[in-house]
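Residues are numbered in my numbering as their position in the sequence shown, beginning at 1, plus a constant of 452. Every residue gets a Cβ at the ideal spot worked out from N, C-alpha and C, and that includes glycine. These notes concern the structure reproduced below.
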Amino acid sequence: MVIKNAVLPVAGLGTRLLPATKCQPKEMLPVGKRPVVQYIVEELERNNFERVLLITGPNKYSIENHFDTDADLIRHLRETKKEDLLAELEFERSKLRFFYTRQKLQRGLGDAVLHAEEFAGNQPFAVALGDSILGMHAGSRTLSFMRDVFTETPCAAVVAFEEVPLDEVSQYGIAEPVTPPTDGGAFEVRSLIEKPSVKESPSRLAIAARYIFSPQIFQALHVTKPGRGGEIQLTDAIRIMIDGGEKVLGVKLPAGERRYDIGNFESYFKAFIEFALNDPEYGTELRDYTRRLLNEDH
Ligand code: UTP
């Protein structure tokens, strides 16, 4: 079975990043040189997906514009002898086919994914959250691995997890694995616990913004009641599948691969710094600058 479809929810209000997100989507905030959502689209392309459905909402037009071919801009760059900058627009030639739909009310990530029901049909599909980059410069192959796991083992979902420090578990959905995960392997998930305290946390495995689902997820979403914040939570729908006897597997991000969460300022700032310091053109100079800055502070 070839899984070609991916769903990219970008409709959230991004209130934790106000005022930056008052009039622009958080998914368009730059991390280094590119907006967040461009890394995710590049990741999907590298992992050989063919069609992507973006679930958009109010104030998200710039995302659609970003992936269009801008003929005027290309002409302007040519006429003003700035052809070298055309390389920066290479992403416009992505082989992915783009589809868009709008989430009318921001009723949570689960509700956003429900908007993909017709797009997915009876085929399994991937979900990649629009505010999380996997791996430096979107080089992650984790979705391909998850797709292989899904194809080889009968299951309803494969979910990516990142091992986080114990004092951070209360920020994430955490897995209770049936058996401890091994590096490079998949493990069965017994349960998922949303934002547990350090004491009650069954592991340090935090849901990491990438999923492969069978279309069964839609049945679960249809019966998922609004949870935290009055929103339909995707995690609750996965739990409904597990409670109904479906198998859900987890995959741990490989050593050295990080999830860069852009959803709050602390992790956004960290992501920006790390990507900028690793920029092939400006990284070296920026490292010297940062060292000088930090030395001046002491
Ligand atoms: P978050 O869970 O961070 O929610 O979204 P949010 O509403 O964007 O942000 P805050 O909490 O107000 O700061 C995770 C992903 O799910 C999408 C977001 O766009 C983001 O990519 N999302 C979230 C939707 O598409 N629709 C929603 O109703 C909520």
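Is the CB-CB distance between Val489 and Gly582 below 8 Å? yes
Got a sec: does the ligand UTP put a non-hydrogen atom nearer than 7 Å to the Cβ of Pro461? yes
What three-state label does DSSP hand Arg545 in the structure shown? helix
Is any non-hydrogen atom of the ligand PLP found closer than 7 Å to the C-beta of Ala472, if you look at the structure I gave you? Among the ligands in the structure shown, the ligand PLP does not appear; only the ligand UTP can be found there.
Please determine, among Ser655, Tyr624 and Pro678, the residue with the shortest C-alpha to C-alpha distance to Pro632. Here the closest residue by C-alpha is Ser655.
Inside the segment 473 to 519 only - beta strand (DSSP E) runs reaching at least 3 residues: 503 to 508
Alpha carbon to alpha carbon, what distance is there between Asn511 and Cys475? 6 Å
Who are the near neighbours of Lys556 in its chain, counting only those whose CB is closer than 7 Å to its CB and skipping five residues on each side? none
Rounded to whole angstroms, what's the CA-CA distance from Val611 to Val700? Just pull it up for me. Straight-line measurement puts the Cα of Val700 at about 8 Å from the Cα of Val611.
My parser needs the alpha helix (DSSP H) runs of 4 or more residues fully inside the segment 662 to 736; what are they? 668 to 674, 686 to 695 and 717 to 729
Classify Lys704 as buried or exposed, calling it buried when 16 or more other Cβ atoms lie within 10 Å of its own Cβ. buried
Using a Cβ-Cβ cutoff of less than 8 Å, which residues in the same chain neighbour Lys547 once the five nearest sequence positions on both sides are dropped? Glu497 and Glu502
The segment 523 to 540 contacting the segment 463 to 474, beta-carbon criterion three pairs below 8 Å: no
Could you name the residues of the same chain whose beta carbon sits closer than 7 Å to that of Leu529, not counting the 5 residues immediately before and after it, in chain order? Glu535, Leu537 and Leu538
Can the beta-carbon of Glu640 be found less than 8 Å from the beta-carbon of Pro648? No, the pair does not count as a contact, with Cβ atoms beyond the cut-off.
What number of angstroms, rounded off, separates the C-alpha of Ser754 from the C-alpha of Leu506? Residue 754 is absent from the structure shown; the chain starts at 453 and stops at 750.
Per DSSP, which one or two residues make a beta bridge with Asn751? Examination of residue 751 is not possible in this model, given that the chain is present from 453 through 750 alone.
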